[in-house]
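The structure appears right after this line, and notes come after that.
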Amino acid sequence: MSEFSLDDPSFYEDFLVEAGEHFELIEQNFLVLEGNPQDLDILNGIFRSVHTIKGASGFLGLAKVQSLSHIGENILDELRKGRMVVTPEVMELLFETVDMLKVLVEDVGVNLRKQGTPADPNTADLIHRLETLRSGGTPTPAAAAPAPVQASPVGALVLPAGLSNLDAPSRKILEELVAQDISLVAIKAKLQPEIMGTPFNPLSMLPMADLVGKLVHSSHIMTASTDLDAFQHDQFHFDLVLFIQPSESLETVQKIFDGVKNVRMEYFLVGPEGARSLAATGPDKVETPPPAVQALPAAVQAPEAPAPEAPVDTGAKKTAAPEKTDKGSDTIRVSQLKLDTFMNTVAELIICKTMINHVVERFEVEVTEGAASDLVKELRKGSVYLDQVSKEIQASVLGIRMVPVKTIFSKFPRMLRDLAKASGKKIELQMVGEDTEIDKSLIEELSDPLIHLIRNSADHGVEMPEARVKSGKSETGIVILRARHEGDSVLVEIEDDGKGIDPAVIRAKAIEKGILSVERAEAMSDEEAINLVFLAGFSTAAKVTDISGRGVGMDVVRSNVRRLNGHVSVQSVVGKGSIFTLKLPLTLAIIDALLMRSGGQVFAVPGTAVEETLLVAPETVSHLTRRKAINLRGEVLGITQLRELLNFHDREEGKLLEGEELPVVVISTAGRRMGLIVDSLIRRQEMVIKPLAPYLASLPGISGASVMGDGGVVLILDPAELMTLAVQEAL
Amino acid sequence: MKILIVDDSSTMRRIIINTLSRIGYSDVIEAEHGKAGLEKLGQGGVEMIITDWNMPEMDGLEFVTVVRTTNSSIPILMVTTNAAKEDIVAALQAGVNNYVVKPFTPDTLKEKIESLLG
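Line by line, the protein sequences give chains A and B. Residues in the first sequence are numbered consecutively from 381, following this note's numbering. Residues in the second sequence are numbered consecutively from 344, following this note's numbering.
In structure tokens:
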């Protein structure tokens, strides 16, 4: 491989992407295959993927990937040709092979980026088991015996009768080779008239020699008599002769060449051994092989009829298996980094735009007369235009970054299969809305929470088959993974028809763990109670299992999802099942937000969390123990001063006049609502989220920051955390 | 000389193009499977075909078979792995002129191309 050095790392990058796509495809195909072990299209699809991985890995010098995919490919080839059968053992081993390949390919990425330590797994054992499987599953003619003839140097070459017409220069070449102790297989190819009109070019037999060894010489032998009257136009009047130094057994050579249709093959051994034997028997008259090579008939006629069909049924290669989408000339691959840079630049553009709008607004207030006011109008036109254009740019870059959730959903069938297998449950995964699109950066972050939730459904949701039957359900539990758009959000739901979450159990657990007081637990609605599962240190698993007991709780799911400005909630009916809902913004970087001022600081609340804004007369606020509340259309709504909640010590306190109405922002998240009393509402606008400086990151209730048109900093509120703060404050 | 490369793996196409350019062939067009290959071929000007075998939509063997129904002379080189020797025979029968086994060196590819042109 070293003579073909590919220094360009982008070859490897391409390979990683491509291999990843094939792994997904393979797993989808595997799952179909498990249900339909005979499906040739599926087998062909898997074969093709492994084949592609093997092909590229060879070039890139990835020896381990190559050797493992090679043996995997061999087994798949046996399977698709019907020489082996898809059994559960075969499936397990294939799954294992793909898992190992994934690790190996991941290592390529690790080495490429020089990040982390490669796993560098040992593949020898797996390869050994694959080899055993293969040799056990098939009678093994495969092992190639070396060329049979052992040499001892002898003189003049004597050829069997079939080759006696060989031309003198060819003879000389052969003599020299034999003198060097080289044993050859000679193949005399008699072209049949039927070959005319087929696309087969008889000269293509020359490269065929490479399949079984090295072509050392080729020639032809005239067969027509020189009698012109006997000359027939529909006949070939010469035979092709190939002399091959074989690297395979004669049997293999014959098998390969017998596959050529419309050509009759005769095989001869030519070697020092043979020459000597022939010499002993007499020149030119010997057609039978010398004793030393008795086992291998020296002249084997191919059957008269066209040779047996080549074992590959080419018709079957058409596939209906899930395919990668075409990605030829009309799509390009762009690195994530470039897209991120683009996105950030667009984000900056939006900040600029906001700044300019801000200036224009001030101009409009300040300059109302004279020539300058016309300029301000022009400026306004320009800024409106800029507004439109930047919106379009933003929409396109967001569109580019959108990928279907399928890209992560596709790994779950396999995961659930393994989970079901490990726990002895029967679980069927249904997926709905896999084409729903979501920002690329979000999708990567979404993967872990989803894995956890699905594990949770498999482990705690779906019951054992016997228990299910007892409660009148079908043996097989159903987990539904569903994605859809709702406004500016993406909803991902994980639904199971398992045993559900019992609010009474949760309440008891919360009290036992000291998370809640008895009074509060009783005051809670059932829905509030079951949402306690997202609190840290809360696990209701009766036993820690291999599946869920990995030290990761629902609280991690919640904090991950929150980091994405999303939220997670659960609904459940005891005995019927649960639905976990993840609600995420379409994109991370830009949000629609409501700006407000409190305690001299500007805050923003993500628009998705804002339910409504109100003006509340102070006298309608009632004080329940330590909490303030208002009556909102017949419902009690807890309200609280934002600046107090966040401990912002107010430079402008007391600014509110007695009797003045209080602006209240009603926010809701995870089915809970509360009102925030602020000093004033500013406006709704798009905000570009910037990561928080580390010293700000630990501020409770704040999830990020942004820059406003006038250069001021806006703190972005985390609605869910605000709720938690408010609850703590009230206790 | 314009060469059509038919391969579903973009990595493989890049590798082949890279190799071709090293040995002096830079006029290359690409297709990601047999069907697309036929379209490209229909646009004219192609003087040699290098095709993979295992591809979606239309595999290399079908592709070659279709090409050969209308064009018996264009040199066709099949890129394959040595996994299935019987398959290579089938490919040659279908009208492939020569084949090259992956992974190949630039020299091997050059040799194969020259054998087709010579």
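Quick reminder that beta carbons are idealized off the backbone N, C-alpha and C, glycines included.
- Listed along the chain, the chain B residues whose CB falls inside 7 Å of the CB of L591 of chain A are K428 and I431.
- Contact between I731 of chain A and I970 of chain A is absent: CB atoms are separated by about 10 Å, not below the 8 Å threshold.
- Interface annotation, Q436 of chain B: in contact with chain A, CB-CB separation under 7 Å.
- Taking 8 Å as the Cβ-Cβ cut-off, the segment 639-653 of chain A approaches chain B at G639, V640 and K641, given in chain order.
- Taking 7 Å as the threshold, the shortest C-beta distance from E398 of chain A to chain B falls below it.
- Counting only runs of 4 or more residues that sit fully inside the segment 837-906 of chain A, the alpha helix (DSSP H) segments are 845-850, 883-892 and 898-903, in chain order.
- If the five residues before and after P1080 of chain A are omitted, its C-beta is found closer than 7 Å to the C-beta atoms of E1101 and L1105, all from its own chain and listed in chain order.
- DSSP links V349 of chain B through a beta bridge to B:A374 and B:T394.
- Selection A:A727, A:K757 and A:I451 evaluated against V739 of chain A yields A:K757 as nearest (Cα-Cα).
- Three or more Cβ pairs closer than 8 Å define a contact, and the segment 859-872 of chain A meets that threshold against the segment 801-809 of chain A.
- Only those residues of the segment 406-428 of chain B whose C-beta falls short of 9 Å from the nearest C-beta of chain A are listed: V407, T408, V410, R411, T412, S415, V422, T423, T424, N425, A426, A427 and K428.
- For T354 of chain B, at least one C-beta of chain A is nearer than 7 Å to its own C-beta.
- In this structure, P446 of chain B lies near G438 of chain A, with their beta-carbon atoms less than 7 Å apart.
- A residue is called buried when at least 16 other Cβ atoms come within 10 angstroms of its Cβ; N945 of chain A meets this threshold and is buried.
- With fewer than three CB-CB distances shorter than 8 Å, the segment 497-508 of chain A does not count as touching the segment 827-835 of chain A.
- Counting only Cβ-Cβ distances below 9 Å, K445 of chain B has contacts in chain A at K434, G435, A436, G438 and F439, in chain order.
- Interface criterion met: the Cβ of P587 of chain A is under 7 Å from a Cβ in chain B.
- In the structure shown, D394 of chain A adopts helical secondary structure according to DSSP, grouped into three states.
- Scanning A:S790, A:T1020 and A:M645 for the CA closest to the CA of I406 of chain A turns up A:S790.
- CA-CA distance, T424 of chain B to L384 of chain B, rounds to 25 Å.
- Counting only residues of its own chain and dropping the five nearest sequence neighbours on each side, E390 of chain B has a CB closer than 6 Å to the CB of M344 and K345.
- Under DSSP, F960 of chain A shares a beta bridge with A:I874 and A:V950.
- Taking a C-beta distance under 7 Å as the contact criterion, I891 of chain A and A884 of chain A do not qualify as a contact pair.
- If you look at M585 of chain A, you'll find it in the alpha helix (DSSP H) that goes M585 to M588.
- Distance from the CA of Y647 of chain A to the CA of S544 of chain A, rounded to the nearest whole angstrom, comes to 14 Å.
- Under a criterion of Cβ atoms nearer than 8 Å, the residues of chain A adjacent to V439 of chain B are, in order, S584.
- For the options A:E472, A:V621 and A:S390, the alpha carbon positioned closest to that of D798 of chain A is the one of A:E472.
- For K444 of chain A, the uninterrupted alpha helix (DSSP H) run begins and ends at A443 to R460, by DSSP.
- For the segment 360-373 of chain B, residues whose beta-carbon sits nearer than 9 Å to a beta-carbon of chain A comprise N361, T362 and E373.
- Counted as a single uninterrupted DSSP element, the alpha helix (DSSP H) harbouring K718 of chain A occupies residues Q716 to E746.
- Nearest in C-alpha terms to K718 of chain A, of all of A:I780, A:G878 and A:A751, is A:I780.
- In this structure S1060 of chain A touches M976 of chain A by the C-beta definition: roughly 7 Å separates them, less than 8 Å.
- For F623 of chain A, no Cβ of chain B is located within less than 7 Å of the residue's own Cβ.
- Nearest neighbour of I426 of chain A by Cα position, chosen from A:N416, A:L586 and A:E453, turns out to be A:E453.
- For I358 of chain B, a Cβ of chain A is located within less than 7 Å of the residue's own Cβ.
- The beta-carbon of D394 of chain A is placed less than 7 Å from the nearest beta-carbon of chain B.
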